[in-house]
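Down below is the structure, laid out as structure tokens.
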């Protein structure tokens, strides 16, 4: 029983300290502002407001340790980045599939541990990582992803991001391929081999879908990432003559809100004038309760329209 439990939890992240090569999300204790740092290097530095933060002040520390540099009064609390924080902050070879779409695609594909997935359009590797987390499993239930991109530079960038995320925990689940997916599959697949799911992020998926369809298991799903409605209509016309049913066409939107305590400036100024002569605005603000709350959508947002997500089910008749 104990051996079984050890295998179950083997894939879970349980790092006790930051090491070289890790990424770190620093959260300013006072303002909650986040700063993405990494990969950590012994001689590395990160410029922050008010000074320089040295990587060696993070390496060896535990998550939630508060790091103070130079004259920083409040400091930064260190956290391991979530997958969402990682994929939106790492360097980009191209525009990534953002977390709102990646997590929705994982749901639409109905992925679970042990599944075998085909991805066309590796890009920055963000969707690749989200799908890998869903299918990873372990032991006999270890899922795999074959991901293709026609651009070697994109594939290499995505490979690097996969290797660096969470110390490469999903690297064994992912095989990177360079070239046109429909041309490469016949060279690497046995006649009866099929995938449990297919994700397509490519400019002209309609040209490839008829050739990829035989590699999808019957009654399973294909999701297409399509930036405009013209592509959706072309796809709808294509599948009329194919054993595919369009089950969903979704536009995923997240609206991030800013919710924080604040002080009304006129009242803060009055309290500052009535306080000790040496009191600064920061000291006064920290010593009194808030007068109001800011509750509003954030001004800049990458979580609006990015693409339409079209879910197709292979529905070949069974005799």
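Numbering (UniProt numbering), first residue to last: 1 to 319. Ideal placement from N, C-alpha and C gives every residue a C-beta, glycine not left out. Fair warning: this is a prediction, and the values are worked out from it, not measured in the lab.
The beta strand (DSSP E) enclosing residue i, as first and last residue numbers
i: residue 119; result: 116 to 120
i: residue 144; result: 144 to 149
i: residue 54; result: 51 to 54
i: residue 233; result: First-last for residue 233: 229 to 238, but that is the alpha helix (DSSP H), not the beta strand (DSSP E).
i: residue 216; result: 216 to 226
i: residue 42; result: Here residue 42 belongs to no beta strand (DSSP E), and DSSP marks it neither H nor E.
i: residue 78; result: 76 to 79
i: residue 336; result: For residue 336 there is no data in the structure shown, the boundaries of the chain being 1 and 319.
i: residue 259; result: 257 to 262
Length of the line joining the Cα atoms of residue i and residue j
i: residue 213; j: residue 226; result: 18 angstroms
i: residue 48; j: residue 240; result: 56 angstroms
i: residue 177; j: residue 29; result: 43 angstroms
i: residue 86; j: residue 186; result: 34 angstroms
i: residue 296; j: residue 262; result: 13 angstroms
i: residue 129; j: residue 100; result: 13 angstroms
i: residue 45; j: residue 53; result: 6 angstroms
i: residue 282; j: residue 31; result: Residue placement at residue 282 is poorly supported in this model, since its pLDDT is 47, which falls under 50; the coordinates still yield a value, given next. Distance between the alpha carbons of residue 282 and residue 31 is about 12 angstroms.
i: residue 19; j: residue 210; result: 47 angstroms
i: residue 200; j: residue 57; result: 42 angstroms
i: residue 6; j: residue 82; result: Bear in mind that the predicted position of residue 6 carries a pLDDT of just 46, short of 50, making it unreliable; the figure below should be weighed with that in mind. Rounded to the nearest angstrom, the two C-alpha atoms are 24 angstroms apart.
i: residue 74; j: residue 68; result: 7 angstroms
i: residue 120; j: residue 198; result: 8 angstroms
i: residue 135; j: residue 107; result: 12 angstroms
i: residue 255; j: residue 88; result: 16 angstroms
i: residue 171; j: residue 234; result: 35 angstroms
i: residue 190; j: residue 64; result: 49 angstroms
i: residue 164; j: residue 317; result: 44 angstroms
i: residue 158; j: residue 25; result: 20 angstroms
i: residue 59; j: residue 41; result: 8 angstroms
i: residue 219; j: residue 39; result: 42 angstroms
i: residue 23; j: residue 306; result: 27 angstroms
i: residue 243; j: residue 315; result: 5 angstroms
i: residue 62; j: residue 17; result: 4 angstroms
i: residue 248; j: residue 166; result: 33 angstroms
i: residue 161; j: residue 21; result: 12 angstroms
i: residue 112; j: residue 141; result: 10 angstroms
i: residue 76; j: residue 192; result: 54 angstroms
i: residue 66; j: residue 131; result: 33 angstroms
8 angstroms Cβ cutoff met for residue i and residue j
i: residue 221; j: residue 110; result: yes
i: residue 79; j: residue 27; result: yes
i: residue 259; j: residue 313; result: no
i: residue 118; j: residue 146; result: yes
i: residue 194; j: residue 215; result: yes
i: residue 229; j: residue 308; result: yes
i: residue 223; j: residue 311; result: yes
i: residue 168; j: residue 137; result: no
i: residue 173; j: residue 143; result: yes
i: residue 252; j: residue 104; result: yes
i: residue 116; j: residue 196; result: yes
Continuous alpha helix (DSSP H) stretch holding residue i: start and end
i: residue 89; result: 83 to 89
i: residue 248; result: Premise fails: residue 248 lies in the beta strand (DSSP E), 244 to 250, not in any alpha helix (DSSP H).
i: residue 28; result: Not the alpha helix (DSSP H): residue 28 falls in the beta strand (DSSP E), residues 24 to 28.
i: residue 212; result: 209 to 212
i: residue 310; result: Taken as a continuous stretch (DSSP letters only), residue 310 belongs to no alpha helix (DSSP H), being part of the beta strand (DSSP E) at 308 to 314.
i: residue 104; result: 99 to 108
Check: residue i C-beta below 7 angstroms from any heavy atom of the ligand FMN
i: residue 162; result: Absent from the structure shown: the ligand FMN. Ligands present: none.
#### Entry: contact_flag[the segment 185 to 204, the segment 78 to 94] where n(CB pairs < 8 angstroms) is 3 or more
The segment 185 to 204, when compared against the segment 78 to 94, does not touch it at the 8 angstroms Cβ threshold.
### Query
At what residue ranges does the segment 126 to 202 contain a whole run of the alpha helix (DSSP H), taking only runs of 4 or more?
Within the segment 126 to 202, the complete alpha helix (DSSP H) runs of at least 4 residues are 126 to 135, 152 to 164, 181 to 188.
### Query
For the segment 145 to 155 against the segment 123 to 136, are there 3 or more C-beta pairs whose distance is under 8 angstroms?
A contact between stretches requires three or more CB pairs, one per stretch, nearer than 8 angstroms, and the segment 145 to 155 meets this requirement with the segment 123 to 136.
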